[in-house]
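Sequential numbering from 17 applies to the sequence shown in my numbering. Built from N, CA and C at the ideal position, the CB exists for glycine as well. Here the structure comes first, spelled out in structure tokens, and everything after it is commentary.
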Amino acid sequence: MRNNSRITASAGTDNAGGDGGNITINAPLLVAFPKENNDITANAFQGKGGNINITTNEIFGLEFRPQQTAQSDITASSELGVTGNVQINTPGVDPTSGIVELPAILVDAESLVARNICDATVIRESSFVMTGKGGLPADSQDVIANAPGLVEWVNRGDNENKVSVVVKPQQQTDISQVINHKLIQQAQGWIVTANGQVILTAEVPKTTLQKPRFIPPSCGGYSQ
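Here it is as structure tokens:
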């Protein structure tokens, strides 16, 4: 099937009633180009969809879909009614060819469990090991229960009781990097140098008080 080929038994194409027809195809191969819109349809509008029965060994390019599409379809749909039936028979394909028959009994449980564990032949070959916590109980009549873990006291060693003191070296400050800011103070006095220059000082200059010279009256004044 190529170039919009149709095998159709549809009814009600003019929005009228009517059921879809029946299509029966018997062919060794059914081939169509999937992207060329080749359809096998038994559709209806208001009635029931028809019946399509295909018997072939292989189908290439055609696929059953509930509604028509732009691909190559096999449909038996109805717009307002009940969908029809599509049955595809492939007698050349054996559906059971890929099935592997499994044995009915996968594991013989009796061969895994010894009936008499006290037998000398069994003792040399069998063992019962219980490792870790939980799992099987020690006695067959006991209930499985996880025993809580026990934590014992731990003593610290002699070296662990010592407190280690970490001494961090002090950072030395470079005196040359420290900027010496001189404070401005109010003048408290002044000094006169030998060349007559006046220098203001922050401290009051020390002065030596001189006693005034006492000139006694002359005796000649009295004689007059």
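Shown here, arginine 81 sits in coil according to DSSP, grouped into three states, outside any helix or strand. DSSP, reduced to helix, strand and coil, places aspartate 35 outside both helices and strands of the structure shown, so it counts as coil. Annotated three-state conformation of asparagine 105 is strand, per DSSP. Per DSSP, reduced to three states, the secondary structure at phenylalanine 76 is strand. Under DSSP, alanine 60 forms a beta bridge with Ser94. Nearest C-alpha to glycine 33 among Ile200, Gly97, Met17: Gly97. In the three-state reduction of the DSSP assignment, asparagine 20 falls in the coil class, being assigned neither a helical nor a strand state. Aspartate 89 and glutamine 103 have their C-alpha atoms spaced approximately 14 Å apart. CA-to-CA, the gap between asparagine 42 and valine 116 works out to about 31 Å.
Taking 9 Å as the cut-off, the Cβ atoms of threonine 57 and serine 26 count as close. By alpha-carbon distance to arginine 81, the top candidate from Thr99, Thr71, Thr72 is Thr99. Under the three-state reduction of DSSP output, tryptophan 169 falls in the coil class, being neither helix nor strand. According to the DSSP secondary-structure assignment, glycine 212 is paired through a beta bridge with no residue. For threonine 99, no beta strand (DSSP E) run applies, since DSSP gives it neither H nor E.
Close CB contacts of asparagine 53 within its chain, under the 6 Å cut and outside five residues either way in sequence, are with Asn20, Ala86 (chain order). DSSP places asparagine 67 in the uninterrupted beta strand (DSSP E) bounded by 67-71.
DSSP lists Ile75 as the bridge partner or partners of leucine 46. Close CB contacts of glycine 205 within its chain, under the 7 Å cut and outside five residues either way in sequence, are with Thr217, Glu219, Val220, Pro221 (chain order).
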